[in-house]
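Written below as structure tokens is the structure these notes are about.
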Amino acid sequence: MSLAQQPAAPVQEPGAPAQPLGLPARRPAVGFRTLLHKEVLRFWKVSFQTVAAPVLTGVLYLLVFGHVLEAHVEAFPGVSYVAFLIPGLVMMSVLQNSFANSSSSLIQSKITGNLVFVLLAPLSHLEFFAAYVLASMVRGLVVGCGVLLVTLWFAPQLLAVKAPLWILVFALASSALLGILGLIAGILSDKFDQLAAFQNFIIMPATFLSGVFYSVHGLPPFWQAVSHLNPFFYLVDGFRYGFFAQADVSPWLSLAVVLLALALAASLALAMLTRGHKIRQ
Amino acid sequence: MLPAIDATDVVKRYEGRRAPVTALAGVSLRIEQGEFFGLLGPNGAGKTTLISIVAGLAHASAGAVKVMGHDVAGDYRNARRMLGVVPQELVFDPFFSVRETLRIQSGYFGLRHNDAWIDEVMAHLDLTAKADANMRALSGGMKRRVLVAQALVHRPPVIVLDEPTAGVDVELRQGLWQFVRRLNREGHTIVLTTHYLEEAQELCGRIGMLRGGRLIALDDTSRLLQRLAGLQVSLRLSGPLPERLRPQLVQADAPRYVLRLAQPAEVEGVLAACRAAGAAIEEIEVGHADLEDVFLQMMSEEPTGVPA
Numbered sequence: 003m004s005l006a007q008q009p010a011a012p013v014q015e016p017g018a019p020a021q022p023l024g025l026p027a028r029r030p031a032v033g034f035r036t037l038l039h040k041e042v043l044r045f046w047k048v049s050f051q052t053v054a055a056p057v058l059t060g061v062l063y064l065l066v067f068g069h070v071l072e073a074h075v076e077a078f079p080g081v082s083y084v085a086f087l088i089p090g091l092v093m094m095s096v097l098q099n100s101f102a103n104s105s106s107s108l109i110q111s112k113i114t115g116n117l118v119f120v121l122l123a124p125l126s127h128l129e130f131f132a133a134y135v136l137a138s139m140v141r142g143l144v145v146g147c148g149v150l151l152v153t154l155w156f157a158p159q160l161l162a163v164k165a166p167l168w169i170l171v172f173a174l175a176s177s178a179l180l181g182i183l184g185l186i187a188g189i190l191s192d193k194f195d196q197l198a199a200f201q202n203f204i205i206m207p208a209t210f211l212s213g214v215f216y217s218v219h220g221l222p223p224f225w226q227a228v229s230h231l232n233p234f235f236y237l238v239d240g241f242r243y244g245f246f247a248q249a250d251v252s253p254w255l256s257l258a259v260v261l262l263a264l265a266l267a268a269s270l271a272l273a274m275l276t277r278g279h280k281i282r283q
Numbered sequence: 002m003l004p005a006i007d008a009t010d011v012v013k014r015y016e017g018r019r020a021p022v023t024a025l026a027g028v029s030l031r032i033e034q035g036e037f038f039g040l041l042g043p044n045g046a047g048k049t050t051l052i053s054i055v056a057g058l059a060h061a062s063a064g065a066v067k068v069m070g071h072d073v074a075g076d077y078r079n080a081r082r083m084l085g086v087v088p089q090e091l092v093f094d095p096f097f098s099v100r101e102t103l104r105i106q107s108g109y110f111g112l113r114h115n116d117a118w119i120d121e122v123m124a125h126l127d128l129t130a131k132a133d134a135n136m137r138a139l140s141g142g143m144k145r146r147v148l149v150a151q152a153l154v155h156r157p158p159v160i161v162l163d164e165p166t167a168g169v170d171v172e173l174r175q176g177l178w179q180f181v182r183r184l185n186r187e188g189h190t191i192v193l194t195t196h197y198l199e200e201a202q203e204l205c206g207r208i209g210m211l212r213g214g215r216l217i218a219l220d221d222t223s224r225l226l227q228r229l230a231g232l233q234v235s236l237r238l239s240g241p242l243p244e245r246l247r248p249q250l251v252q253a254d255a256p257r258y259v260l261r262l263a264q265p266a267e268v269e270g271v272l273a274a275c276r277a278a279g280a281a282i283e284e285i286e287v288g289h290a291d292l293e294d295v296f297l298q299m300m301s302e303e304p305t306g307v308p309a
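Protein sequence lines correspond, in order, to chains A and B. The first sequence begins at 3 in the numbering used here and counts up by one. The second sequence begins at 2 in the numbering used here and counts up by one.
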């Protein structure tokens with residue numbers, strides 16, 4: 003068949019605005035779904051590295067810290083340390099992997115130059131944003147579920163969750179927040195080491211100091227106050243509330259903080275995308 | 002009919018380290034549908050900057066660009082649907098095969114079930130045998146073909162090729178031009194950037210020349226070349242060149258001389274002058290000037306000395 007023969011070409015009215023030659027009917031949201039699909043495929047094709055490895059890391063943390071600290075720490079009354087630790091580790095995995103997905107995808111595409119294919123496409127800023135963030139959420143949640151499934155074996159009592167809706171809400175909100183932060187870091191970074199700085203000097207400290215491994219109630223008052231300034235603390239605390247129906251602060255307060263952080267991060271990321279900051283000259 | 006590309010007073014300034022750099026200093030250009038247009042200029046002339054603004058990869062500091070009537074800033078989604086761009090850099094996504102790459106690109110443009118067309122494009126570009134090969138495994142020439150295929154998945158009415166033959170072997174170049182010519186015959190508007198005059202001369206119906214961010218010439222290829230080149234006559238003389246022919250001298254390598262002619266009829270005057278001076282003509286050849294030379298000269302001249 004020659005290029006000139008174009009079946010299914012929409013019939014053109016004379017004088018109508020010129021249409022792409024023989025363009026098949028477009029469907030709304032296909033562009034967004036394709037970018038989402040591509041972003042999910044991107045990490046899934048190397049899932050040994052992007053899913054299996056972080057699950058193993060989470061389990062190692064549990065084995066080491068759980069074993070060493072089990073006898074010394076009682077974070078919540080009536081809750082074993084291992085049981086306390088597991089939701090923290092799950093949330094830590096969600097946070098790190100959601101951030102890693104959007105940020106590393108974007109920086110790789112920027113450095114190799116193949117971001118141009120997305121930039122040339124008629125995708126709206128919102129579609130671009132939503133696809134990257136959703137794919138990050140998928141990766142964060144898949145890894146989080148993996149860690150939870152494996153570690154449940156060590157603390158089957160966690161299966162008796164107290165408030166599953168809170169678990170779901172905080173898992174979704176946290177993965178979304180870190181996916182957006184990853185997007186922002188990816189936009190701002192021009193090189194891998196700049197991105198690594200975001201990861202090592204912001205995301206990692208904020209995660210480790212968020213109460214993943216301990217209850218902030220056990221900290222001196224000054225460090226307690228500092229912890230309360232860390233938005234990640236509320237992600238972990240709210241998530242843990244879902245398992246034990248007890249937490250350091252009210253889950254409603256945590257939710258309010260998380261939603262505020264989400265709104266701020268999303269506005270910033272969308273403003274950057276709309277301006278084409280650092281991705282369109 | 003709507004112009005394929007309509008650029009009005011496009012200015013692009015970059016914030017440089019010391020002073021702002023002006024990449025485009027007010028370019029206006031109208032490319033009609035169905036044209037095969039060449040954007041010609043040396044490196045750094047602003048070709049890629051202009052293309053980037055048309056494609057939405059860069060924002061103009063001032064001025065406006067429309068693609069098939071759609072503003073590239075205000076109505077960017079429709080503008081981009083009309084446009085297929087083959088980028089200059091050999092970029093690819095290492096996670097995917099050729100077919101996956103083309104399916105994904107179709108999807109970005111809102112097209113599902115585009116396989117019939119993808120197969121056809123791959124066949125035309127000799128990519129069929131590599132359809133399931135990972136992008137990483139392809140040679141440079143093959144990657145270039147995939148870039149062309151990616152630009153065509155949505156059958157854009159306007160196709161922009163940004164120096165597509167840089168670093169490409171002769172065979173691929175010929176095949177590519179054959180294919181692009183055919184797309185042009187079938188109604189696609191083609192915009193080609195190049196710094197080879199020869200390439201533009203061979204392919205393009207109209208040429209715009211950019212230098213230092215300004216459009217210094219814009220005309221039909223034949224007219225432009227005529228104006229650029231004119232005629233010249235090469236002579237081998239038995240004696241020295243007559244003094245009165247000196248002003249027309251382009252090149253002297255005694256006993257060979259090359260003289261510039263404004264019109265073919267001026268040959269008569271040259272012959273007469275030689276006869277009068279007693280210099281016998283041993284060889285004579287009338288032809289066009291070496292365009293590449295004139296072109297290079299033009300590209301390096303000061304703006305004031307340029308015919309525009």
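Every residue gets a Cβ at the ideal spot worked out from N, C-alpha and C, and that includes glycine. The model shown is predicted, which means the values in this text are computed figures rather than measured ones.
Within 8 Å, strictly: CB atoms of residue i and residue j
i          : j          : result
Tyr-15(B)  : Ala-24(B)  : yes
Gly-85(B)  : Leu-153(B) : yes
Glu-286(B) : Ser-235(B) : yes
Met-136(B) : Phe-97(B)  : yes
Gln-89(B)  : Thr-190(B) : no
Ile-189(A) : Gly-244(A) : no
Gly-75(B)  : Thr-9(B)   : no
Val-66(B)  : Ile-54(B)  : yes
Phe-34(A)  : Ala-123(A) : no
Gly-231(B) : Leu-262(B) : yes
His-196(B) : Leu-297(B) : no
Ser-104(A) : Ser-126(A) : no
Thr-194(B) : Val-147(B) : no
Lys-112(A) : Ala-247(A) : no
Gln-108(B) : Thr-36(A)  : In the sequence as presented, Gln is not what sits at residue 108(B); that position holds Gly. Going by C-beta atoms, Gly-108(B) is nearer than 8 Å to Thr-36(A).
Gly-181(A) : Gly-240(A) : no
Leu-128(B) : Ala-150(B) : yes
Val-169(B) : Met-83(B)  : no
Leu-91(B)  : Arg-145(B) : yes
Bridge-paired residues (DSSP) for residue i
i          : result
Ser-111(A) : Answer is none; Ser-111(A) lacks a bridge partner.
Asn-135(B) : Ser-98(B)
Arg-277(A) : The partner list for Arg-277(A) (beta bridge, DSSP) is empty, contrary to what the question assumes.
Gly-39(B)  : Leu-193(B), Ile-208(B)
His-71(B)  : Val-68(B)
Asp-250(B) : First, the amino acid is wrong: residue 250(B) is Leu here, not Asp. Paired residue(s): Leu-260(B).
Val-12(B)  : Ala-26(B), Ala-63(B)
Leu-219(B) : Gly-209(B)
Glu-33(B)  : Pro-4(B)
Extent of the continuous beta strand (DSSP E) to which residue i belongs
i          : result
Ser-235(B) : 232 to 238
Ile-282(B) : 282 to 289
Val-214(A) : Unbroken run through Val-214(A): none, as it is neither H nor E.
Gly-270(B) : No beta strand (DSSP E) holds Gly-270(B); the alpha helix (DSSP H) holding it covers 267 to 278.
Val-86(B)  : 84 to 87
Extent of the continuous alpha helix (DSSP H) to which residue i belongs
i          : result
Ile-52(B)  : 48 to 56
Pro-233(A) : 233 to 246
Gly-176(B) : 171 to 186
Leu-197(A) : 194 to 200
Val-75(A)  : It is not in any alpha helix (DSSP H) - Val-75(A) carries neither H nor E in the DSSP assignment.
Asp-228(A) : It is worth fixing the name first, because residue 228(A) is Val in this sequence and not Asp. That run of the alpha helix (DSSP H) goes 223 to 230.
CB contact below 8 Å: residue i versus chain D
i          : result
Gln-283(A) : This model lacks chain D altogether, as its protein chains are A and B.
- Query: Contact between the segment 146 to 157 of chain A and the segment 116 to 130 of chain A: three or more CB pairs below 8 Å?
  - Reply: no
- Which full runs of the alpha helix (DSSP H) of 4+ residues lie inside the segment 32 to 69 of chain A, going along the chain? 32 to 46, 55 to 63
- Where are the beta strand (DSSP E) runs, 3 residues long or more, that stay fully inside the segment 110 to 169 of chain B, in chain order? The qualifying runs are 159 to 163.
- Check whether the segment 91 to 108 of chain A touches the segment 70 to 82 of chain B, counting contact only when three or more Cβ pairs, one atom from each stretch, lie closer than 8 Å. no
- Query: Quick one: complete alpha helix (DSSP H) runs, 4+ long, within the segment 88 to 175 of chain A?
  - Reply: 117 to 121, 127 to 153
- Evaluate the contact criterion for the segment 197 to 215 of chain A versus the segment 226 to 237 of chain A: three or more CB pairs, one atom per stretch, below 8 Å. yes
- Between the segment 83 to 94 of chain A and the segment 62 to 75 of chain A, do at least 3 Cβ pairs fall closer than 8 Å? yes
- Item | Stretch-stretch touch, CB-based, cutoff 8 Å, three pairs: the segment 113 to 121 of chain B with the segment 145 to 161 of chain B | yes
- Message: Under 8 Å: do the segment 213 to 228 of chain B and the segment 272 to 280 of chain B share three or more Cβ pairs, one atom per stretch?
- Response: no
- Query: Just checking, does the segment 199 to 207 of chain A make contact with the segment 218 to 229 of chain A on the three C-beta pairs under 8 Å criterion?
  - Reply: Between the segment 199 to 207 of chain A and the segment 218 to 229 of chain A, the count of C-beta pairs closer than 8 Å stays below three; the two stretches do not touch.
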